[in-house]
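In what follows, a single structure is set out as structure tokens and then discussed.
There are 2 protein chains.
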Amino acid sequence: MFELLATDTATKARRGRFTTRHGVIETPMFMPVGTQGTVKAVSPRELHELGAQVILGNTYHLFVRPGMEVIRHFGGLHKFMNWDGPILTDSGGFQVFSLSKLRKITEEGVRFQNHLDGAPCFIGPETSMEIQTTLGSDIMMAFDECPPYPCEYDYAAKSLALTLRWEKRCRDWVRARDEAGEARGALFAIVQGATFAPLRRESAEALTAMDFDGYAIGGVSVGEPEEEMMAAIENAAPYLPATRARYAMGLGTPPQMLEMIARGVDLFDCVLPTRIARNGSAFSSLGTINLKNSPYIMDKGPIEEGCTCPACREFTRGYLRHLVKAEEILGLRLITLHNLHFYLNLMARARAEIEAGTFDQFRREFVANYTPWNPQKS
Amino acid sequence: MFELLATDTATKARRGRFTTRHGVIETPMFMPVGTQGTVKAVSPRELHELGAQVILGNTYHLFVRPGMEVIRHFGGLHKFMNWDGPILTDSGGFQVFSLSKLRKITEEGVRFQNHLDGAPCFIGPETSMEIQTTLGSDIMMAFDECPPYPCEYDYAAKSLALTLRWEKRCRDWVRARDEAGEARGALFAIVQGATFAPLRRESAEALTAMDFDGYAIGGVSVGEPEEEMMAAIENAAPYLPATRARYAMGLGTPPQMLEMIARGVDLFDCVLPTRIARNGSAFSSLGTINLKNSPYIMDKGPIEEGCTCPACREFTRGYLRHLVKAEEILGLRLITLHNLHFYLNLMARARAEIEAGTFDQFRREFVANYTPWNPQKS
Chain A
1 MFELLATDTA TKARRGRFTT RHGVIETPMF MPVGTQGTVK AVSPRELHEL GAQVILGNTY
61 HLFVRPGMEV IRHFGGLHKF MNWDGPILTD SGGFQVFSLS KLRKITEEGV RFQNHLDGAP
121 CFIGPETSME IQTTLGSDIM MAFDECPPYP CEYDYAAKSL ALTLRWEKRC RDWVRARDEA
181 GEARGALFAI VQGATFAPLR RESAEALTAM DFDGYAIGGV SVGEPEEEMM AAIENAAPYL
241 PATRARYAMG LGTPPQMLEM IARGVDLFDC VLPTRIARNG SAFSSLGTIN LKNSPYIMDK
301 GPIEEGCTCP ACREFTRGYL RHLVKAEEIL GLRLITLHNL HFYLNLMARA RAEIEAGTFD
361 QFRREFVANY TPWNPQKS
Chain B
1001 MFELLATDTA TKARRGRFTT RHGVIETPMF MPVGTQGTVK AVSPRELHEL GAQVILGNTY
1061 HLFVRPGMEV IRHFGGLHKF MNWDGPILTD SGGFQVFSLS KLRKITEEGV RFQNHLDGAP
1121 CFIGPETSME IQTTLGSDIM MAFDECPPYP CEYDYAAKSL ALTLRWEKRC RDWVRARDEA
1181 GEARGALFAI VQGATFAPLR RESAEALTAM DFDGYAIGGV SVGEPEEEMM AAIENAAPYL
1241 PATRARYAMG LGTPPQMLEM IARGVDLFDC VLPTRIARNG SAFSSLGTIN LKNSPYIMDK
1301 GPIEEGCTCP ACREFTRGYL RHLVKAEEIL GLRLITLHNL HFYLNLMARA RAEIEAGTFD
1361 QFRREFVANY TPWNPQKS
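If you're matching them up, the sequences are chains A and B in order. Residues 1 to 378, numbered by my numbering, are exactly what the first sequence covers, in order. Residues 1001 to 1378, numbered by my numbering, are exactly what the second sequence covers, in order.
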């Protein structure tokens, strides 16, 4: 499924191609997040126009609403939402732990009350596989426990052991399906181990031995400092097979993504571009700008000079500022399009730079020019 | 500016063409409402694709935010919002009376505190003309007082007398501009007179004598029963010149618009299609449906069979229902597009039926099949 087309010499960056049932994903690639069966404020047609090659669907959210009976009736998530490209689905684990109430973890899986109406629910490794298969996922994620940050070694080690048993059950589930000759999406494992290098390595090696279609690094973007985030990648990537795609879950800012590409990561997903757009914040190569701010009142320029997104081609910062201040939907729509374009364009640029052998210089210059995002200021 | 192309024989319906500085408006026509410099949730490109030929801008809202300094800096409302078609602007009067605080009406105009920050403001006939000219309006509305419903005869008569003096000052303002050789948009007068037939007639005759570029019927859609609404049209239209366009302000439901076309009205504006979309309600030829309702959960059909709008071409009622329930922006975007398409398509159909001499039958059948909108149910 994954073809490694080129590896950077100065860094560990990889140029690859992942083939799914719904089309090809050129890597490095960013996946817009479609939590509830829609990338917030954006239509599938617009996603195609932006060059999105794959989107992410959230298993927990879709399981709770509209529910699997509805998704099954409509023939899967692709048909339900009218998106014909690849879909990666998460395992549901992360949201079960972060959103649901009255969680009870057993060897079998997790019993919980959903966050919408408190109805009792259960998701375990096999149910997660079943839900993701009903969704018609092109890339399924193994069911894991995502430990919080910070996290004691003992908890992390015990959690990892359980996660590895759960992930093996997911692998066994798809193998049984393969033996029965039934179609399925790819299955990616998730490396856990919190901030502990030996656990990260143990996790990566154990999962590699189980042989998955791809490997994610999880338990990042849970509030840890950036050094810990990079360490989690560095402590796992060397022990993952070069011939499989690698995915850093829930990340990140533009410089973080370039740094992770340099450490051998191929796939990303992140709510930042869509979420901060709804607050009036837009990405640029120098950092984020908040269009609510008064310097933009009279600004006739686009969000970013030279940007070819639908917002920058047709609208000024001054008009966008007015829309954001007046809480008009068109404002967040346009900034969302710009931000997704920025992320997808950054990935396209990274791919081109890797192919040209100039990725390291590009990354250094981009990171040096970019002022990190400050939630207080945006 | 207005060319009367055909008049129906069975009704008073008219097929016309109004030419503005920014293009031609084929009448009967519906004008989507762009209160704050955007038709809510819709881009200018989408408006063109829907076949919108003219939109309405709200003078009061734009005067308060972003304010005239900003609009002037950007070269008018067309450039500010990137809409190159005709724009009709209201006079600001209606919102001054319905939204602002501490209003004081004098012969000169109205002093008030705006609804956003309470800043003291003044709008009178000349300021209204100046603001609308700064906006770059293609069709300006004369400044009027819109009496409430219900309204005593004495108040209505006094209010009308003041309104007629204000409207004459607007006409004098544009005449002075014409004499100075300065470009301007068309100026429409507004017939008032509340529910009193003699006042409506007096208003229409006095304004006709003053010679405006078009005539609106105001003081409708202010809470009155439908019979009063129709009476307001019937009591004014016969006294307006056939050679000028007629505009019923703030109206209406699909059957109401057809009934008014049959009474000789050419132009409409209404927030209904965009407003009820944001609540999950969609127009159909049988009436409105609320997509939140549970019968649509498993519905694989489009909002309306045979509809060619972007929502009906690509999405099911079931998916739209999910989006509305999950409060996803894409849901209200798609229903807004459908509703605007419905209104614009209804006008296109009315024009074709008038041309074919079959408008009366079309109107009767449409109205008979249509279940009136019930706010309680939507």
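Ideal Cβ placement from N, Cα and C applies to all residues, glycine included.
Evaluate contact between the segment 356-363 of chain A and the segment 1234-1242 of chain B, counting only Cβ atoms and requiring at least three cross-stretch pairs below 8 Å. no
So GLU167/A and ALA142/A are supposed to be a Cβ contact under 8 Å. How far apart are they, rounded? 4 Å
Per DSSP, the bridge partner or partners of PRO120/A: GLN113/A
Report back the beta-carbon spacing between VAL1054/B and ILE1087/B to the nearest angstrom; my notes put them in contact at under 8 Å. 7 Å
Taking just the CA atoms, how far does LEU62/A sit from SER98/A? Taking the Cα positions, SER98/A is about 15 Å away from LEU62/A.
Under 9 Å between the Cβ atoms of ASP1084/B and PHE1359/B? no
Would a check of beta-carbon distances place GLU1328/B closer than 9 Å to chain A? yes
If you pair each beta-carbon of the segment 1166-1181 of chain B with each one of the segment 1217-1229 of chain B, do three or more pairs fall below 8 Å? no
Using the rule of at least 16 other Cβ atoms within 10 Å of the residue's Cβ for burial, across every protein chain shown, is LYS1040/B buried or exposed? Classification of LYS1040/B: buried, given that the 10 Å Cβ count is 16 or more.
Could you tell me if TYR1153/B is buried or exposed, where buried requires 16 or more neighbouring beta carbons within 10 angstroms of its beta carbon? exposed
With a cut-off of 8 Å, do at least 3 Cβ pairs link the segment 1027-1045 of chain B to the segment 1292-1302 of chain B? no
Would you mind sorting THR371/A into buried or exposed? The rule is 16 or more other CB atoms within 10 Å of its CB. exposed
Taking Cβ-Cβ distances shorter than 9 Å, what residues in chain B pair up with MET298/A? GLU1069, VAL1070, HIS1073 and PHE1074
ALA176/A burial status per 10 Å Cβ neighbour count (16 or more: buried): exposed
Looking at the unbroken alpha helix (DSSP H) that takes in PHE1342/B, where does it start and where does it end? 1329-1356
I'd like to check one pair, ASN1058/B with GLN1113/B: are the Cβ atoms closer than 9 Å? No, Cβ-Cβ distance for GLN1113/B and ASN1058/B is not below 9 Å.
Would the segment 349-359 of chain A count as touching the segment 274-287 of chain A if we require 3 or more Cβ pairs under 8 Å? no
Using the C-alpha atoms, what's the distance from MET1129/B back to MET1031/B? One Cα belongs to MET1031/B, the other to MET1129/B, and the distance between them is close to 21 Å.
Beta-bridge partners of SER281/A, as assigned by DSSP: DSSP, once it has assigned bridges, lists ASN290/A as partnering SER281/A.
Residues of the segment 305-317 of chain A whose Cβ lies closer than 9 Å to any Cβ of chain B, in chain order: PRO310, GLU314, PHE315 and THR316
9 Å is my cut-off, CB to CB: does TYR60/A come that close to chain B? no
Flag this pair as touching only if the segment 64-77 of chain A and the segment 1316-1324 of chain B have three or more C-beta atom pairs under 8 Å; answer yes or no. yes
What are the residues of the segment 1076-1098 of chain B that lie near chain A, defined by any Cβ-Cβ distance shorter than 7 Å? PHE1080, MET1081 and ASN1082
In chain B, which residues lie less than 9 Å from LYS168/A when you measure between Cβ atoms? Contacts between LYS168/A and chain B, judged by CB atoms closer than 9 Å, are missing: the closest CB pair is about 34 Å apart.
How is the beta strand (DSSP E) around GLY57/A delimited, first residue to last? 55-57
Please list, in chain order, all residues of the same chain as HIS341/A whose beta carbon is under 6 Å from its beta carbon, the five residues on each side excluded. Here the set comprises LEU50 and CYS309.
So, does the CB of VAL1271/B fall closer than 9 Å to a CB anywhere in chain A? With 9 Å as the cut-off, VAL1271/B does not count as an interface residue toward chain A.
My understanding is that GLU1126/B touches ARG1072/B, with C-beta atoms under 8 Å, so please give their C-beta distance in whole angstroms. GLU1126/B to ARG1072/B, Cβ: 17 Å. No contact.
What are the partner residues of ARG15/A, as DSSP defines its beta bridges? Residue pairing of ARG15/A in beta bridges, as defined by DSSP: ALA6/A.
Are the Cβ atoms of THR134/A and GLY76/A separated by less than 9 Å? yes
Taking the beta carbon of GLU1227/B as the centre, do at least 16 other beta carbons fall within 10 Å, making it buried, or is it exposed? exposed
Using a Cβ-Cβ cutoff of less than 6 Å, which residues in the same chain neighbour PRO1302/B once the five nearest sequence positions on both sides are dropped? CYS1312
Mind checking which residues open and close the alpha helix (DSSP H) that includes MET1257/B? 1254-1262
Which of helix, strand or coil does DSSP assign to ILE217/A? strand
If you draw a straight line from the alpha carbon of SER378/A to that of ARG278/A, how long is it in whole angstroms? Here the model assigns SER378/A a pLDDT of 48, short of 50, so the residue's position is not dependable and the matter cannot be decided.
LEU56/A: contacting residues in chain B (beta-carbon distance under 8 Å): Within 8 Å Cβ-Cβ: nothing; LEU56/A doesn't reach chain B, min ~15 Å.
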